[in-house]
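Student:
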Amino acid sequence: MRVIVKATLIAALLAFPVVATAPGAAATSTVQAIRQTLDVSISSISPEVPTSPTDVIKFTGTVRNNTGAPQSALRVRLRYTPQKFTDRATMAAYQDDQNNATLPYNVSASSGMDIPALAAGAQARWEFTATPVQLNYRSFGAYPIAVDVAQYGVPLTSQRTYLTYAPPTPPNTPKLPRNKLAVALPVIDQPHRATDGSLFVDDELSESISGKGRLADLARVAQTAPKSVSWFVEPSLLDDLTAMKSNYQVKTKDGVEQKPASAEAGTWLTTMRTALAASPVFAVPYADPDVTALAHQGLDAQPGRALALGRQKATSLLGREVRTNVNWPPAGRLDADALDLLSVSEDRVDTVLLDSGNLPPQPPVPFTPDAAARLDSVNGPVTALVADPGLSALFEPETSTSVLLSTRRLIAETAMIAAEPGQTSPRSLLVAPSRRWNPNPTLVTALLRTAGKLPWLQLTPLESIRPTKLAVPRAGLTYTEQDRKDELSKKYLAPVKEVAAKAELTSSITSAKTPSSFDAAVLRLTSSAWRNHTRAGRAATKLVSAAVTERIEKITFSDGPRTLAGSSGAVPISVKNSLTVPITLYIDVKSNDQELLRVDDSELKTKPLVIGGGQSGTVQVTMNAVPGTSGDATVTVQLQTADHKPYGKPQRLTIRTTGYTGIASVIVGAALTVMLAAVVTRVLRRRSERKLARAAKTRESESV
């Protein structure tokens, strides 16, 4: 069968002199010289999916001469083959192949067009039309299509793509399954503050939310995305942007730079609230912690706290309910330890979104597996949703590509999945680009719009995907040694662990028993964003550590020596609370020299000291000077929490004893005896004198 392809050339040539090149050796050298700098591109293919054998398919594009010299004897050709792709692996190999010798083989004299001499820097538009019957397409499927530019018959450069043909289903033939396609898009950044104040460690957010910044592009995608798209927001990002709505500060090498309130921050937050109001929204744990690293380094409490705080913050700042039951771990990878931590948290995770390498089919299958699977955790079954790597890559191409080529690939890939042998029931597919992606709004919008129009796809919310009988056996969580190396290291997390323990103390002494005011700050230090930026993470750790230490040091002992009057008694010890909230703590006192002074601390262990905000409190400590000693002694005083953990640094206090001991007691006792005897003698003498006086008066009265 001879294929007739109509070709039209629309000139857009610049009037530069053309240097003719003869065939032969000169032609070969010319080919080598311009192979990489003569560009051909496809601008449009319509309709996107021909559905009738007689549909007229129009291909348009351009050829541009970037060689720096005029070129002639150029010919644009449409390359095609009636053999459709048999599987997705073949499709990927076709796209990756840059060898012009392996282009689709059908090229006839009537399927190409000559281009008049093309000046340096000039371009020409080309156009082809054809029908499926002319291309010899006979059944549903994805077919290879290419356009190349040849000189003297030698192909110089080409552009490969796909054409999907979808004719009506023949009678008595099963219809194509309409697969579910869920799209998960992340709004995840890195922490930009250390503590909860207005001091930022950088000013990168102001650039990211404006102009063509990454977060600005994300907002543009959100405004046009279908409401079935599921979004994962990072709550500390919302928190940081809310702080930027007021005057803030940015830490610099030379100190601190004052910044005015950011109107863009408020606009971005408002845009996202509005755009996501009717879409499924989930929150990743606050600050996006490296959950696997925390599980491996003994910071088991942090993931649960991050989930709870993430839910609270996202719900408050977006003005709608935001859940954390679906978790998207860093890099889409976790192990059994991390899964268990997530499943037993108060905000229980019952679904995880994973990279395909983290949960591969076992044994491998020749078709596209269903996205949903089931995992076992210490707290029961957990649903695993596995992203399709090929479809996800289309939303975040590694190299520059056109919107047209990406949408053509999406159409072909999903058509191939629908037509895979033996797959007659609908399956679930999942698209999930990398979590800190830099989206192209035009590309993403076009892909989502295209997916929504394809008859073999149904865009669906993430939570509608559940394991079914179509689920294939999987190998279980596959967490490699390289995955362990990618985690936050033990060396990095050791000081974070110390800061977390100190921060926990600051909440344990407050009367309200509320979560630590440093919870958010500590979680920022555990962010997976620091995996590749440990220097920034360590700098933030130092800032948080200094803030925690400053808070602890707001509770102090009064200075100066204390005096023990006598050999035993109560010595007052005062504690000042410079915080604005009431505190409850205990005081532990130990004598540093038992031969000089002993401390009775039996009451201190059971009697708490409660001090109001900005006030001081005093405890009376029973002490005994050892008989036969005198002078100054020292004790060590340590503040403690209710569970007897040290709070702050211990302090040495001087106790000055003034008691009488030894011979001094005998002397004092004898003096008291003499004094008492003198008093008794004086009393007896006075009584005797009174008796003599009464007797004299009696004698006088008798003589009268």
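In mature numbering (1 follows the signal peptide of the UniProt record, and there is no 0), the protein residues as written are -22 to -1, 1 to 682. All C-beta atoms in this analysis are idealised placements derived from N, C-alpha and C, irrespective of residue type, glycine included.
1. Check whether the stretch 551 to 561 touches the stretch 578 to 598, counting contact only when three or more Cβ pairs, one atom from each stretch, lie closer than 8 angstroms.
2. Around the Cβ of residue 234, are there at least 16 other Cβ atoms within 10 angstroms (buried) or fewer (exposed)?
3. Here's a check: name, in chain order, each residue in its chain whose Cβ is nearer than 6 angstroms to the Cβ of residue 152, leaving out the five neighbours to either side.
4. Quick check on DSSP: helix, strand or coil for residue 233?
5. Determine the burial state of residue 427: buried for a count of at least 16 other Cβ atoms within 10 Å of its Cβ, exposed for fewer.
6. With H, G and I counted as helix, E and B as strand and the rest as coil, what does DSSP make of residue 182?
7. So, with DSSP's three-state summary, where would you put residue 308?
8. The alpha helix (DSSP H) spanning residue 214 covers which residue range?
9. At which residues does the beta strand (DSSP E) containing residue 532 begin and terminate?
10. Please report the straight-line C-alpha distance between residue 462 and residue 475, rounded to a whole angstrom.
11. So does the stretch 280 to 300 actually touch the stretch 311 to 327, counting three or more Cβ pairs closer than 8 angstroms?
12. When burial is assigned at 16 or more other CB atoms within 10 Å of the CB, is residue 55 buried or exposed?
13. Is it the case that the Cβ atoms of residue 105 and residue 166 are separated by a distance below 8 angstroms?
14. So what does DSSP say about residue 87, is it helix, strand or coil?
15. Do the stretch 385 to 403 and the stretch 341 to 348 meet, that is, are 3 or more Cβ pairs less than 8 angstroms apart?
16. Output yes or no for whether 8 angstroms exceeds the beta carbon distance between residue 360 and residue 329.
17. Going by other Cβ atoms of all chains shown within 10 Å of its Cβ, with 16 needed for buried, is residue 218 buried or exposed?
18. Following the continuous beta strand (DSSP E) through residue 400, name the residue where it begins and the one where it ends.
19. So, are the CB atoms of residue 21 and residue 39 less than 8 angstroms apart?
20. Quick one: residues in its chain with C-beta nearer than 6 angstroms to the C-beta of residue 596, no 5 flanking neighbours on either side, listed in chain order?
21. For my contact list, residue 612 and residue 630 are in at a C-beta cut-off of 8 angstroms; report their separation, rounded to the angstrom.
22. Rounded to whole angstroms, what is the Cα-Cα separation between residue -13 and residue 92?
23. Quick check on DSSP: helix, strand or coil for residue 617?
24. In this structure, how does DSSP classify residue 38 when only helix, strand and coil are distinguished?
25. Within the same chain, show all residues whose beta-carbon is closer than 6 angstroms to that of residue 146, passing over the 5 residues directly before and after it, in chain order.
26. Would you mind sorting residue 484 into buried or exposed? The rule is 16 or more other CB atoms within 10 Å of its CB.
27. Report back the beta-carbon spacing between residue 436 and residue 154 to the nearest angstrom; my notes put them in contact at under 8 angstroms.
28. Quick check: the stretch 431 to 449 against the stretch 178 to 186, are at least 3 beta-carbon pairs closer than 8 angstroms?
29. So, at 8 angstroms on beta carbons, what are the nonlocal neighbours of residue 511 in its own chain, with the 5 sequence-adjacent residues on each side left out?
30. Assuming residue 257 and residue 205 form a contact by the criterion Cβ under 8 angstroms, report the distance between their Cβ atoms to the nearest whole angstrom.
31. For residue 385, which residues of its own chain have a beta-carbon under 7 angstroms away from its beta-carbon, when the five flanking residues on both sides are left out?
32. By Cβ distance, which residues of its chain are closer than 7 angstroms to residue 506, with the 5 residues on each side in sequence left out?
Tutor: On the basis of the supplied data:
1. Judged by pairs of C-beta atoms under 8 angstroms, the stretch 551 to 561 touches the stretch 578 to 598, as three or more such pairs exist.
2. It is exposed - the Cβ of residue 234 has fewer than 16 other Cβ atoms within 10 Å.
3. For residue 152, where only same-chain residues beyond five positions count, the Cβ hits under 6 angstroms are 402.
4. The three-state secondary structure of residue 233, taken from DSSP, is strand.
5. For residue 427, the number of other beta carbons within 10 angstroms of its own is below 16, and it is reported as exposed.
6. If DSSP states are grouped into helix, strand and coil, residue 182 belongs with the helices.
7. In this structure, DSSP gives residue 308 a helical state, which the three-state scheme calls helix.
8. In the DSSP assignment, residue 214 falls within the unbroken alpha helix (DSSP H) covering 213 to 222.
9. No beta strand (DSSP E) holds residue 532; DSSP gives it neither H nor E.
10. C-alpha separation (whole angstroms): 19 angstroms.
11. These segments touch.
12. So residue 55 ends up on the buried side.
13. No, they are not a contact pair.
14. Confidence at residue 87 is low in this model, with a pLDDT of 46, below 50, so its placement is unreliable and the value that follows should be read with caution. Helix.
15. Yes: at least three Cβ pairs fall under 8 angstroms.
16. Taking 8 angstroms as the Cβ cut-off, residue 360 and residue 329 qualify as a contacting pair.
17. Counting Cβ neighbours within 10 Å, residue 218 comes out buried, since at least 16 surround it.
18. DSSP places residue 400 outside any beta strand (DSSP E), giving it a letter other than H or E.
19. Yes, the pair counts as a contact, with Cβ atoms nearer than the cut-off.
20. Excluding sequence positions up to five before and after residue 596, its CB lies within less than 6 angstroms of the CB of 550, 552, all in the same chain and listed in chain order.
21. Indeed they touch by this definition, with Cβ atoms about 5 angstroms apart.
22. Below a pLDDT of 50, predicted positions are generally treated as unreliable, and residue -13, at 40, falls in that range; no measurement from the model is reported.
23. Three-state DSSP puts residue 617 in a strand.
24. If DSSP states are grouped into helix, strand and coil, residue 38 belongs with the strands.
25. Result list for residue 146: empty, nothing under 6 angstroms.
26. Residue 484 should be labelled buried.
27. Contact flag wrong, Cβ pair sits at about 12 angstroms.
28. The stretch 178 to 186 is not in contact with the stretch 431 to 449.
29. Apart from sequence neighbours up to five positions away, the residues of its chain that approach residue 511 with a beta-carbon distance below 8 angstroms are 168, ordered along the chain.
30. Their Cβ separation, rounded to whole angstroms, is 5 angstroms, which keeps residue 257 and residue 205 in contact under 8 angstroms.
31. Take residue 385, set aside five residues on each side of it, and the residues of its chain with a beta-carbon closer than 7 angstroms to its own are 424, 425, 428, in chain order.
32. These residues qualify, in order along the chain: 266, 267, 268, 308.
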